[in-house]
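These notes concern the structure reproduced below.
In my numbering, the protein residues as written are 2 to 151.
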């Protein structure tokens with residue numbers, strides 16, 4: 002009832018209308034997301050297609066490798082995988098692949114202790130690669146952090 006809150010109410014209403022137009026299907030994961038921040042960044046992007054984004058959100062919601070379902074909304078707009086918290090390979094898979102590779106980096110061929118290596122998706126997750134043993138390789142930290150496909 003504060004007459005000075007009209008501007009704030011109008012902003013809130015604009016954000017909610019924009020969200021409903023871009024993400025027409027309501028999901029419980031939408032609660033608690035900083036929609037104002039997303040709105041401020043993407044509100045002027047006329048290329049956003051709500052139906053297309055909604056399909057991508059649905060696909061990612063079903064993907065068991067995505068452990069941060071709330072991050073899907075940021076991801077579909079930014080394409081930055083950091084928002085998804087993609088499931089990492091288990092320690093058992095890392096150890097098994099490390100032993101299979103003889104403790105050597107798949108890229109440079111040098112020997113490393115397992116603590117100096119990282120599990121990597123052979124087919125990147127963003128290209129449909131799964132987080133499973135057949136799609137895992139162990140790389141030294143340096144090679145993993147400088148390779149493409151990230």
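Cβ atoms here follow ideal geometry from the backbone N, Cα and C, with glycine treated the same way.
| Query | Result |
| --- | --- |
| Since residue 70 contacts residue 30 with CB under 8 Å, what's their CB separation in whole angstroms? | 4 Å |
| From the DSSP output, read off the bridge partner residues of residue 105. | 112 |
| Could you tell me the distance, in whole angstroms, from the CA atom of residue 7 to the CA atom of residue 58? | 33 Å |
| Spatial neighbours of residue 146 within its chain, please: C-beta separation below 6 Å, excluding the five flanking residues on both sides. | none |
| Just the C-alpha distance for residue 130 and residue 18, rounded to the nearest angstrom, thanks. | 35 Å |
| What does the Cβ neighbour count give for residue 75, buried or exposed, with the cut at 16 atoms within 10 Å? | buried |
| Can you tell me where the alpha helix (DSSP H) holding residue 49 begins and where it ends? | Careful: residue 49 lies outside any alpha helix (DSSP H) and carries neither H nor E. |
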